[in-house]
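Written out below as structure tokens is the structure these notes cover.
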Amino acid sequence: METFGCFSGLARSEEIGYPWHPPLVDPSGDPDPDANFFTPTAIDAAAERGDLEMLQWAHENGCPWNHSTWHMGTCDKAAKRGHLAVLKYAHENGKKMTTLPIFLAVQNGHQGIVEHAHEKGLLEWRGNNDVFTVMMCTEAAEGGHLGILQLLRLNGIPWNAATCWKAAKEGHLHVVIWAHENGCPWNAATCWAAAEGGHLDVVKWAHENGCPWNAATCWKAALGGHLHVVKWAHENGCPWDGDTCAAAAMGGHMKILKWAHEHGCPWNEKTTSNAAPNGHLDVLKYAHKNGCPWNQTTYRCALSTGGDIKKYVEDNGCPRGD
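Numbering follows numbering that gives the first Met the number 0, with no gaps: position 189 of the sequence shown is 188.
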């Protein structure tokens, strides 16, 4: 393993009595032995790159295991990178594994670390005050890490509707299916989050299995530019409102705007007002020429954009207000 010459440097420093972690100094230049701030150390760097050999050498050659040399952040770095061997060594030599390293392993999909925590009895629900435990199921679902999610649930880690909609937003249908079939709550956010990401398979499965939806499913799909999702949702009874056209206009999605308008989707001043500040002249022209209203807000947005959009609203009688 490449250690960037650190062994020789550490060995020489240890031989001449240089401290493993030099004390910080205050503004006067005097050492402050009571400083409680942490600075990067060779131990941090070794843990982050998974250099177990160096960590073992340092520990066996007198490097103290205290908050200055091996603090909680050191374990966090190892967990984030998935270095299970480093965490095992630390844990077996007296370093406590707190919630944050486990959370970082969950977030980054390092199932081996989560399994180790499970085997050592470190996965447990610690109440709503432990923010990292609260977010674990949601993070596992968002990353599509079903195996990790299953381990968390086996250990009583709670979930909520965010577990389903976070998985849906990223298109992790297998996670949504397992979560729902195992009692995870869901709501309309599951459908609209999937729609926003363009994941029609997730929208279909959720709807066909009783997940509620609302007009946000259509307008979120429109905002994301996913015409196929807008079409399927509308044709299968999903409600829509003026926000669908407004969202399409905001994103400059002409095909969606035209299709929605031609199929009876309502629109209002928000459509023209959303097209103007985002520079979508073609959308603004289409909406205006096909009877979409505009108002002072549209005019103010066009003024801020300037150029051809400003000229168009001025030449075509957009209300200016006071």
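We put the beta carbon where it would ideally sit given N, CA and C, even for glycine.
Which first and last residues belong to the alpha helix (DSSP H) in which H117 is found?
As a first step, residue 117 is located in the sequence shown; it is residue number 118 there, counting from the start. H117 -> alpha helix (DSSP H) spans Q110 to E118.
Using a 10 Å radius around the Cβ and a threshold of 16 neighbouring Cβ atoms, would you call S272 buried or exposed?
Here residue 272 corresponds to residue number 273 of the sequence shown, with the count starting at 1. S272 is buried by the Cβ-count criterion.
Output the distance between the C-alpha atoms of P22 and C62, rounded to the nearest integer angstrom.
As a first step, residue 22 is located in the sequence shown; it is residue number 23 there, counting from the start. As a first step, residue 62 is located in the sequence shown; it is residue number 63 there, counting from the start. Only weak support exists for where P22 lies, its pLDDT of 44 falling under 50; the value from the coordinates is given anyway. Approximately 15 Å between the Cα atoms of the pair.
Helix, strand or coil, according to DSSP, for A34 in the structure here?
Within the sequence shown, the letter at position 35 stands for residue 34. Residue placement at A34 is flagged as unreliable, the pLDDT there being 41, under the threshold of 50; a coordinate-derived value is accordingly withheld.
Return yes when the Cβ of V105 is within less than 7 Å of the Cβ of E138, no when it is not.
Position 139 of the sequence shown, counted from the first residue, corresponds to residue 138. Position 106 of the sequence shown, counted from the first residue, corresponds to residue 105. The answer is yes: Cβ separation under 7 Å.
Where N127 falls: helix, strand or coil (DSSP):
In the sequence shown, the residue the question calls residue 127 occupies position 128. Residue state, collapsed to three classes: coil.
For a test of the three-state rule: what should DSSP assign to N289, helix, strand or coil?
Position 290 of the sequence shown holds residue 289. Coil at N289, not helix or strand.
Candidates W177, L145 and G126, of which the one nearest G155 by Cα:
Taking the sequence shown and counting its residues from 1, one reaches residue 155 at position 156. Taking only the C-alpha atoms, the option nearest G155 is G126.
Taking all protein chains shown into account, decide if E169 is buried (16 or more other Cβ within 10 angstroms of its Cβ) or exposed.
Position 170 of the sequence shown, counted from the first residue, corresponds to residue 169. Flag for E169 reads buried.
G316 (DSSP reduced to helix, strand or coil):
Here residue 316 is taken as the residue at index 317 of the sequence shown, counted from 1. The answer is coil: DSSP assigns G316 none of H, G, I, E or B.
Taking the alpha helix (DSSP H) that C183 falls in, what are its first and last residues?
Residue mapping note: residue 183 aligns to position 184 of the sequence shown, counting from 1. Looking at the DSSP string, C183 is not in any alpha helix (DSSP H), and its letter there is neither H nor E.
Which of the three DSSP states, helix, strand or coil, is assigned to E52?
For the purposes of this step, residue 52 is taken as the residue at position 53 of the sequence shown. Of the three classes helix, strand and coil, the one that applies to E52 here is helix, per DSSP.
Taking Cβ positions, are A275 and C237 nearer each other than 7 Å?
Working through the sequence shown from its first residue, we reach residue 275 at position 276. Working through the sequence shown from its first residue, we reach residue 237 at position 238. For A275 and C237, no; Cβs fall outside 7 Å.
Close-in-space but distant-in-sequence residues of the same chain around T304 (CB under 7 Å, 5 per side omitted)
As a position in the sequence shown, residue 304 is number 305, starting the count at 1. The residues are A275, P276 and G278.
Excluding the 5 residues preceding and the 5 following C291 in the sequence, name in chain order all residues of the same chain whose CB lies nearer than 6 Å to its CB.
Within the sequence shown, numbered from 1, the residue matching residue 291 stands at position 292. Counting only Cβ-Cβ distances below 6 Å, and skipping sequence neighbours, we find W266, T270 and T271.
Is the CB-CB distance between T216 and A194 below 7 Å?
In the sequence shown, counting from the first residue as 1, residue 216 sits at position 217. In the sequence shown, counting from the first residue as 1, residue 194 sits at position 195. Against a cut-off of 7 Å, the Cβ pair of A194 and T216 comes out as a contact.
Let me check understanding here. Comparing Cα to Cα, which of L54, T189, G306 and I42 lies closest to A166?
The residue given as residue 166 occupies position 167 in the sequence shown. Among L54, T189, G306 and I42, the Cα nearest to that of A166 belongs to T189.
State the start and end residues of the unbroken alpha helix (DSSP H) segment that holds L121.
Along the sequence shown, read from residue 1 onward, the residue named residue 121 stands at position 122. Neither: L121 is in no alpha helix (DSSP H) and is coded neither H nor E.
Identify, in the order they occur along the chain, each residue of the same chain with its Cβ nearer than 7 Å to the Cβ of H227, setting aside the five sequence neighbours on each side.
What you label residue 227 is simply residue 228 of the sequence shown in a count that begins at 1. Within the same chain, H227 has close Cβ partners L199.
Between W164 and Q110, what straight-line distance do the alpha-carbon atoms span, to the nearest angstrom?
Numbered from 1 along the sequence shown, position 165 holds the residue referred to as residue 164. Numbered from 1 along the sequence shown, position 111 holds the residue referred to as residue 110. Approximately 22 Å between the Cα atoms of the pair.
Taking only the alpha-carbon atoms, compute the straight-line gap between N289 and R80 and give it to the nearest angstrom.
By 1-based counting over the sequence shown, the position of residue 289 is 290. By 1-based counting over the sequence shown, the position of residue 80 is 81. Their Cα atoms are separated by approximately 55 Å.
Taking 7 Å as the threshold (C-beta atoms), are E47 and K76 in contact?
As a first step, residue 76 must be located in the sequence shown, where it is residue number 77. As a first step, residue 47 must be located in the sequence shown, where it is residue number 48. In this structure, E47 lies closer than 7 Å to K76 by Cβ.
Of the residues D314, G197, A205 and D242, which one's Cα is nearest the Cα of A220?
By 1-based counting over the sequence shown, the position of residue 220 is 221. Measuring from the Cα of A220, the nearest candidate turns out to be G197.
Could you give the first and the last residue of the continuous alpha helix (DSSP H) run that contains T243?
As a position in the sequence shown, residue 243 is number 244, starting the count at 1. Here the alpha helix (DSSP H) through T243 covers G241 to G250.
If the criterion is Cβ atoms closer than 7 Å, does the pair C317 and T297 meet it?
In the sequence shown, the residue the question calls residue 317 occupies position 318. In the sequence shown, the residue the question calls residue 297 occupies position 298. Yes, the Cβ-Cβ distance between C317 and T297 is below 7 Å.
Pick helix, strand or coil for M96, following the three-state DSSP scheme.
Here the question's residue 96 lines up with position 97 in the sequence shown. In this structure, M96 counts as coil in the three-state DSSP scheme.
Would you mind giving the Cβ-Cβ distance between W177 and A160, rounded to the nearest angstrom? I have them listed as a contact below 8 Å.
Along the sequence shown, read from residue 1 onward, the residue named residue 177 stands at position 178. Along the sequence shown, read from residue 1 onward, the residue named residue 160 stands at position 161. Actually they do not touch by this definition, with Cβ atoms about 15 Å apart.
Cβ neighbours of H179 in the same chain (closer than 7 Å, five flanking residues each side left out)
To locate residue 179, count along the sequence shown from 1; it is residue 180. The residues are C163, W185 and N208.
Candidates V85, H82 and A78, of which the one nearest I101 by Cα
Position 102 of the sequence shown, counting from 1, holds the residue named residue 101. That would be A78, whose Cα lies nearest to the Cα of I101.
R319: buried (16+ other C-beta within 10 angstroms of its C-beta) or exposed?
Start at 1 with the first residue of the sequence shown, and residue 319 comes out as number 320. Exposed, because fewer than 16 other Cβ atoms sit within 10 Å of the Cβ of R319.
What's the gap between the Cα of L54 and the Cα of E91?
Within the sequence shown, residue 54 is the residue found at index 55, counting from 1. Within the sequence shown, residue 91 is the residue found at index 92, counting from 1. Taking the straight line joining both Cα atoms gives about 13 Å.
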